[in-house]
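In our numbering, the protein residues as written are 19 to 109.
Built from N, CA and C at the ideal position, the CB exists for glycine as well.
Worksheet for the structure shown next.
Structure follows, in structure tokens:
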């Protein structure tokens with residue numbers, strides 16, 4: 019498995035997702051920013067990546083990654099990262 023390619027894709031999608039989460043954090047609260055970062059923010063990140071960097075999906079396809087596999091990997095990482103701040107915020 020090409021972890022460097024996955025990390026690059028994760029970084030690109032997370033940039034768009036993080037921008038969305040920061041805006042939500044300023045408008046509502048940090049709790050909602052963290053929650054949306056791991057759920058709806060992923061969709062925003064995927065849509066933005068598809069809009070701004072659509073041609074890069076061919077690179078990942080040539081490396082053996084499907085869109086679904088990339089989306090699942092990013093979703094699992096973000097869900098696992100969301101658990102820590104939610105636990106800390108409830109203390």
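Please report the Cβ distance between residue 20 and residue 63, rounded to the nearest whole angstrom; I am assuming they are in contact, meaning their Cβ atoms lie under 8 Å. What you label residue 20 is simply residue 2 of the chain shown in a count that begins at 1. What you label residue 63 is simply residue 45 of the chain shown in a count that begins at 1. With 8 Å as the limit, residue 20 and residue 63 do not qualify as a contact, their Cβ atoms being about 20 Å apart.
CB-CB under 7 Å to residue 67, same chain, minus the five flanking residues each way: which ones, in chain order? Locating residue 67 in the chain shown gives position 49, counting from the first residue. Cβ within range, chain order: 30, 31, 34.
Using the Cβ count rule (16 or more neighbours within 10 Å means buried), how would you classify residue 48? Position 30 of the chain shown, counted from the first residue, corresponds to residue 48. By the 10 Å Cβ count, residue 48 comes out exposed.
Using only alpha-carbon positions, find the residue among 44, 50, 41, 79 that is nearest to residue 103. By 1-based counting over the chain shown, the position of residue 103 is 85. Considering only alpha carbons, the answer is 50.
Determine the DSSP secondary structure at residue 47, reduced to helix, strand or coil. In the chain shown, residue 47 corresponds to position 29, counting from 1. Coil.
Continuous alpha helix (DSSP H) stretch holding residue 86: start and end: Your numbering for residue 86 matches position 68 in the chain shown. Residue 86 -> alpha helix (DSSP H) spans 85-108.
Spatially closest choice to residue 27 from 39, 99, 105, 79, by CA coordinates: The count along the chain shown starts at 1 and reaches residue 27 at position 9. The shortest C-alpha separation from residue 27 is found at 79.
Which residue's Cα is closest to the Cα of residue 94: 69, 57, 77, 37? Your numbering for residue 94 matches position 76 in the chain shown. Minimum Cα distance to residue 94 is reached at 57.
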